[in-house]
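Taken in order, these protein sequences are the chains called A and B.
To convert, count from 1 in the first sequence and add 444; that's my numbering.
To convert, count from 1 in the second sequence and add 2; that's my numbering.
All C-beta atoms in this analysis are idealised placements derived from N, C-alpha and C, irrespective of residue type, glycine included.
Predicted model only: the values in this text are computed from it and were never measured.
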Amino acid sequence: MNRVAVIDYGMGNLHSVAKAVEHVGDNLQVSVTADEKTLLNADRIIFPGVGAMRDCMGEIKRLGIDDMLRRLVEDRPVFGICVGMQALMQHSQENGGVDCIGLFEGNVNRFAEDMSGEDGERLKVPHMGWNEVKQTSAHPMWKSIPDKSRFYFVHSYFVTPANHHDVVGESAYPEMFTAALAKQNVFAVQFHPEKSQTVGLQLYKNFLNWDGGT
Amino acid sequence: MTLAKRIIPCLDCENGRVVKGVKFVDIRDAGDPVEISKRYCDQGADEITFLDITASHEGRQTTIDTVRDIAGQVFIPLTVGGGIRTLQDIRDMLNAGADKVAINTSAVKNPDFVREAADKFGSQCIVVAIDAKKVSAEGEPNKWEIFTHGGRNPTGLDAVEWAKKMVANGAGEILLTSMDRDGTKDGFDLALNRAISEAVSVPLIASGGVGNLQHLVDGITEGKADAVLAASIFHFGEYSIPEAKEYMAGKGIVVR
Numbered sequence: 445m446n447r448v449a450v451i452d453y454g455m456g457n458l459h460s461v462a463k464a465v466e467h468v469g470d471n472l473q474v475s476v477t478a479d480e481k482t483l484l485n486a487d488r489i490i491f492p493g494v495g496a497m498r499d500c501m502g503e504i505k506r507l508g509i510d511d512m513l514r515r516l517v518e519d520r521p522v523f524g525i526c527v528g529m530q531a532l533m534q535h536s537q538e539n540g541g542v543d544c545i546g547l548f549e550g551n552v553n554r555f556a557e558d559m560s561g562e563d564g565e566r567l568k569v570p571h572m573g574w575n576e577v578k579q580t581s582a583h584p585m586w587k588s589i590p591d592k593s594r595f596y597f598v599h600s601y602f603v604t605p606a607n608h609h610d611v612v613g614e615s616a617y618p619e620m621f622t623a624a625l626a627k628q629n630v631f632a633v634q635f636h637p638e639k640s641q642t643v644g645l646q647l648y649k650n651f652l653n654w655d656g657g658t
Numbered sequence: 003m004t005l006a007k008r009i010i011p012c013l014d015c016e017n018g019r020v021v022k023g024v025k026f027v028d029i030r031d032a033g034d035p036v037e038i039s040k041r042y043c044d045q046g047a048d049e050i051t052f053l054d055i056t057a058s059h060e061g062r063q064t065t066i067d068t069v070r071d072i073a074g075q076v077f078i079p080l081t082v083g084g085g086i087r088t089l090q091d092i093r094d095m096l097n098a099g100a101d102k103v104a105i106n107t108s109a110v111k112n113p114d115f116v117r118e119a120a121d122k123f124g125s126q127c128i129v130v131a132i133d134a135k136k137v138s139a140e141g142e143p144n145k146w147e148i149f150t151h152g153g154r155n156p157t158g159l160d161a162v163e164w165a166k167k168m169v170a171n172g173a174g175e176i177l178l179t180s181m182d183r184d185g186t187k188d189g190f191d192l193a194l195n196r197a198i199s200e201a202v203s204v205p206l207i208a209s210g211g212v213g214n215l216q217h218l219v220d221g222i223t224e225g226k227a228d229a230v231l232a233a234s235i236f237h238f239g240e241y242s243i244p245e246a247k248e249y250m251a252g253k254g255i256v257v258r
């Protein structure tokens, strides 16, 4: 039995994450929960997130998820998604500045207004849609996923890690930004694998087979 | 590495059934939105939009069940529009597995509803659907007005100003339908799309009037849309999603 816990702190559509995991795994028990005991009993942890950072961090702290995560990452794989990834950084620029969990050194910044692409075309914010992800380092989570596959993004903020060796995937809008981070037992992505069809489902499949580490 | 332009097939549903006919030769039930959504997803559609035209209150539960069924099997973004009137309606759809909701008439009736919805659920899941009709005469500067109830009810609202206001209120995306072109197969109203796309900072989905693949290309190159939505050209098997993508790529548009 592979016990997967999707951390529920009241933000966003966690069921689509749970459904995607159930779709690719056998002999699974998927819980959507904030219960400490259930989280500590899980083999793997998924940390998603949608919405504004101030509200997310407010709930994360209220429920003690920040402290739980610091314990969980010690001895089991953790998969951060979208705002879940951003919350793992030290600080976000969103909502006038919000202190985050700090498992990765670095900050979360907003895309500039009035950006334009190579052909002079104006780039909208949020960065919404399917963009290529360049795999900048080998990682077990990239197994069977072709380099530069397109994943579905929807975000106005992006992470800027202080240590470049934490970056395992990059995308461009129009400047390069971090699309995937990894360190020890943590793998985190800015895009939504549960909305990225075949390659996204493969990422969840890889997570179910990943025992942490690189 | 460049963001791809999106192609979005749209399903119009009533009481859990697709109502504008779908003619795929090899699907068992052409009225089943789950089967049709899966087909489009497998073909490489970038998102699915589900427009609910169910009038009765009792029918809402059927719609929620249908959205849940689609979301359980289709792993691309799903937008649900039609009959979104309250924050509870939005919560119900998001809990059922929708990624975004499209708000139309309720925004016109109460623009603050969009602000409340964006504050509560985040701009990323709030699409404002705009139905616009040209009201300027030949030779005059272009002017479009917002209409509700399928183009029957004028509102006196200028479409470009309205779009800007909706984005200021927190809309994360605009779904723009030209009521003059909808159902005509004459192509998008390119001037309308361009005027609104250039006026707002968020992505624009062009809708209304697609009759051939060049229309999709024009919507992006001339209309400056970030995504193109079509129903009948895909439903009736005139063109498949892969054919549309191949054609667009051939015209230099980045597609997935």
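Classification of residue i by the beta-carbon crowding that lies within 10 angstroms, buried from 16 upward
i	result
P205(B)	buried
N1(B)	Chain B is shown from 3 up to 258; residue 1(B) falls before or after that span and cannot be answered.
N471(A)	exposed
E175(B)	buried
R8(B)	buried
T51(B)	buried
Q646(A)	buried
E638(A)	buried
M620(A)	exposed
D48(B)	buried
Q126(B)	buried
E576(A)	buried
N171(B)	buried
R488(A)	buried
E163(B)	exposed
I139(B)	Before going on, a small fix: residue 139(B) reads as Ala here, not Ile. Looking at its Cβ environment, which holds fewer than 16 other Cβ atoms inside 10 Å, A139(B) is exposed.
E562(A)	exposed
Bridge partner(s) assigned by DSSP for residue i
i	result
N551(A)	H535(A) and T604(A)
S615(A)	F621(A)
T658(A)	In DSSP, T658(A) forms no bridge with anything.
M559(A)	L567(A)
D14(B)	L53(B)
T223(B)	In the DSSP output, where bridge partners are listed per residue, T223(B) has none listed.
F595(A)	N575(A)
L80(B)	I50(B)
I9(B)	V230(B)
I525(A)	V633(A)
N446(A)	L472(A)
V542(A)	S536(A)
K102(B)	T81(B)
V20(B)	C15(B)
Top-ranked residue by Cα proximity to residue i, from the options
i	options	result
S536(A)	S600(A), G561(A), A449(A) and I589(A)	S600(A)
S581(A)	Q473(A), A623(A) and C526(A)	A623(A)
M501(A)	G546(A), S615(A), P521(A) and N629(A)	G546(A)
R70(B)	R87(B), S39(B), E60(B) and C127(B)	S39(B)
V110(B)	E140(B), S125(B) and T150(B)	T150(B)
S2(B)	G18(B), I10(B), G46(B) and V82(B)	Summary: the structure shown does not reach residue 2(B), with chain B confined to residues 3 through 258, and so no result is reported for it.
D510(A)	A486(A), C544(A) and R520(A)	C544(A)
V257(B)	Y596(A), D655(A) and E549(A)	Y596(A)
G225(B)	V129(B), A197(B), G252(B) and G239(B)	A197(B)
A73(B)	D610(A), C526(A) and E466(A)	E466(A)
G493(A)	I504(A), N485(A), G550(A) and D487(A)	I504(A)
H237(B)	G33(B), E16(B) and G172(B)	G33(B)
M95(B)	P79(B), D133(B) and T65(B)	T65(B)
M455(A)	P618(A), L507(A), N485(A) and T482(A)	L507(A)
A6(B)	W574(A), W654(A), V542(A) and S588(A)	W574(A)
D89(B)	I128(B), G61(B), D220(B) and D14(B)	The sequence as given places Leu at residue 89(B); Asp does not occur at that position. Out of I128(B), G61(B), D220(B) and D14(B), I128(B) has the C-alpha closest to the C-alpha of L89(B).
H98(B)	S615(A), V461(A), I451(A) and N553(A)	Sequence inspection shows Ala at residue 98(B); the His mentioned does not correspond to that position. When only C-alpha atoms are compared, the closest one is V461(A).
Same chain, Cβ closer than 7 Å to residue i, five either side skipped, listed in chain order
i	result
D44(B)	none
K167(B)	P113
F548(A)	L532, M533, P605, D610, L625 and K627
D184(B)	G210 and G211
Cβ-based neighbour list, residue i, same chain, cut-off 8 Å, excluding 5 preceding and 5 following
i	result
G469(A)	N446, V448, Y648, K649 and L652
E557(A)	V569
Any C-beta of chain C under 8 Å from that of residue i
i	result
F77(B)	Here chain C cannot be found, since the structure's protein chains are A and B.
Same chain, Cβ closer than 6 Å to residue i, neighbours up to 5 away in sequence not counted
i	result
Y249(B)	L215
A193(B)	N144
G85(B)	D54
L159(B)	I148
V137(B)	K145 and E147
A161(B)	A134, W146 and I148
Distance cut-off 7 Å: residue i Cβ against heavy atoms of the ligand MN
i	result
I176(B)	Within the structure as shown, the ligand MN is missing, as the structure has no ligands at all.
- prompt: In chain order, which alpha helix (DSSP H) runs of at least 4 residues are fully inside the region 104 to 137 of chain B?
  reply: 107 to 111 and 114 to 123
message: What ranges does the beta strand (DSSP E) occupy inside the region 32 to 66 of chain B, keeping only unbroken runs of at least 3 residues that lie completely in it?
response: You should have 50 to 54.
task: Kindly provide the ranges of any alpha helix (DSSP H) runs that are 4 or more residues long and lie completely inside the region 142 to 211 of chain B, ordered along the chain.
output: Every alpha helix (DSSP H) stretch that sits fully inside the region 142 to 211 of chain B and reaches 4 residues is listed by chain position as 161 to 170 and 192 to 201.
field: Segments assigned beta strand (DSSP E), at least 3 residues, entirely inside the region 450 to 518 of chain A
entry: 472 to 477 and 488 to 491
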